[in-house]
Structure formats: structure tokens, C-alpha cells
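Going by UniProt numbering, 154 is the number at position 154 of the sequence shown; the sequence numbering is gapless.
In this text, a Cβ means the ideal position worked out from N, Cα and C, and glycines have one as well.
What follows is a single structure, written as C-alpha cells, with notes after it.
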Amino acid sequence: MNYTRDYLMSAAIFGTFSFCWLGWAEEKPRAEWRLWLGITSAIAFILGVAGGVLSYLHWNDISILNQNSSLHWFITIFFSEILLIAIGAVFLLVKKHSTWVSLWVSFVVAIHFIGLKFVFADSSLFLLAFLMLLVTIGAVPLAKHFEVAPSAILGIGNGVCLLAFSILSFGRFILT
Numbered sequence: 001m002n003y004t005r006d007y008l009m010s011a012a013i014f015g016t017f018s019f020c021w022l023g024w025a026e027e028k029p030r031a032e033w034r035l036w037l038g039i040t041s042a043i044a045f046i047l048g049v050a051g052g053v054l055s056y057l058h059w060n061d062i063s064i065l066n067q068n069s070s071l072h073w074f075i076t077i078f079f080s081e082i083l084l085i086a087i088g089a090v091f092l093l094v095k096k097h098s099t100w101v102s103l104w105v106s107f108v109v110a111i112h113f114i115g116l117k118f119v120f121a122d123s124s125l126f127l128l129a130f131l132m133l134l135v136t137i138g139a140v141p142l143a144k145h146f147e148v149a150p151s152a153i154l155g156i157g158n159g160v161c162l163l164a165f166s167i168l169s170f171g172r173f174i175l176t
């Protein structure tokens, strides 16, 4: 991927969703984690806003989504992700397994980055998918070990991964 607008949009989206995941980590973290959650949440929020503003300023720059069928596939993957998350979450809530909703969301979000790798021609999205899958797989045992909700582990793990990728996207923008 060598498109400045796409780097900035990625920085904005990763920063914003890092902020969201870190917020989800606030469900039941250890008390000593709260300060660091607040600091990383603030950084993620700032990166999300900065990426959004810069994306707006670079909106007329070329985007891979303007090429071939990339936009079609992006929309297809995005709405498939939302639909899968909604169906799985409703199913889990109906079955009274609300604790598992964050795990389901994490799994689907991780998997969707595999498809987005092909849309954006960006192999680093495979790494992001892999890291988020590791977080998802490790969430329950780590939550038991630290005596916290799985969402605390998922929120921190995914939030930090997305924060790192927001920073990476800004770095790529600067280097283009």
C-alpha cells in the first residue's frame, strides 16, 4: 500500500478502535491497570482524531479504494464483519453467555483483517490478524490468571495492537 490517504485513514481507524478496545478493557481490570488504560486510551484517542483530521485534509489524494474493485470488496468485508458480529453477539446474549461476546467480536475483527490484506495489498494486516488472534486465544487463560474479565485482556491486547498499527500508519505516511 502506497497511498497517503489510506495510511491516514488507517491511522484514524486503528487509533479510534484502539480507544474503543481500551474502553472495553475497563469492564473489570485490575485496579493498578487503570492509570495505564487511561493513558493509552488518551493516546489512542489523539491518534484517531489526528488521523481523521489529516485524512480530511488529504481526502483528494489517491486511494487504493478508487482502484478496480477494491471499494466493492472493502464494503463487502466490512458489512460481513458487522453482520457476523451482530448474529454471534445476539446468539450469545440469548444463550446467556454475555462474557463471550467480547471474544466473539475479537475473533471476527481479527479474521476480517485477512480479507483486508487483499483489499489494501498490505501484508502487515496478516500480522495484525495473527496478533489479534493470539490475544483472543490467550484471553480466557490470562483472565483467569489475573482474575479479571476476559474483556480486560482482550481490550488491552487488541487496544495495544491497534495503537501500534496506528503509529505504524502514521510512520508510513511520514515516509511517503
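{"query": "Report the rounded CA-to-CA distance for Ala50 versus Trp36, giving the unit in angstroms.", "result": "21 Å"}
{"query": "Looking at the structure shown, is Trp59 part of a helix, part of a strand, or coil, going by DSSP?", "result": "coil"}
{"query": "Tell me the residue span of the alpha helix (DSSP H) that contains Asp122.", "result": "No alpha helix (DSSP H) holds Asp122; DSSP gives it neither H nor E."}
{"query": "Based on Cα-Cα distance, which residue from Val105, Ile75, Val148, Gly157 lies nearest to Ile87?", "result": "Val105"}
{"query": "What's the gap between the Cα of Ala42 and the Cα of Trp33?", "result": "14 Å"}
{"query": "Quick check: the Cα distance between Phe120 and Ile64, rounded to an integer number of angstroms?", "result": "6 Å"}
{"query": "Apply the 10 Å Cβ neighbour rule to Val109 and answer buried if 16 or more other Cβ atoms are within range, or exposed otherwise.", "result": "buried"}
{"query": "Contact check, Ala12 vs Gly38 under 8 Å by CB: the rounded distance?", "result": "With a Cβ gap of about 21 Å, Ala12 and Gly38 do not count as contacting."}
{"query": "Tell me whether the beta-carbon of Gly159 lies closer than 8 Å to the beta-carbon of Thr76.", "result": "no"}
{"query": "Pull up the CB-CB distance for Phe19 and Gly48, whole angstroms please, since I reckon it's below 8 Å.", "result": "6 Å"}
{"query": "Rounded to a whole number of angstroms, what is the C-alpha to C-alpha distance between Phe46 and Ile174?", "result": "According to the sequence as given, residue 46 is Ile; it is not Phe. If you take the alpha carbons of Ile46 and Ile174, they lie about 17 Å apart."}
{"query": "To the nearest whole angstrom, what separates the beta carbons of Gly155 and Trp21, a pair I think is in contact under 8 Å?", "result": "5 Å"}
{"query": "Could you spell out where the alpha helix (DSSP H) holding Glu81 opens and where it closes?", "result": "70-94"}
{"query": "Do the segment 21-31 and the segment 142-157 make contact, defined as three or more Cβ pairs closer than 8 Å?", "result": "yes"}
{"query": "Using only the alpha-carbon positions, how far apart do Ala31 and Asn68 sit?", "result": "50 Å"}
{"query": "Where does Tyr7 sit, in a helix, a strand or coil, going by DSSP?", "result": "helix"}
{"query": "Spatial neighbours of Gly15 within its chain, please: CB distance less than 8 Å, with the 5 preceding and 5 following residues excluded, ordered by chain position.", "result": "Ala44, Phe45, Ile46, Leu47, Gly48, Val49, Ala50, Gly51, Leu162, Leu163, Ser166"}
{"query": "Can you find the residues in the same chain that come closer than 8 Å, C-beta to C-beta, to Ala89, ignoring five residues on each side of it along the sequence?", "result": "Val101, Trp104, Val105"}
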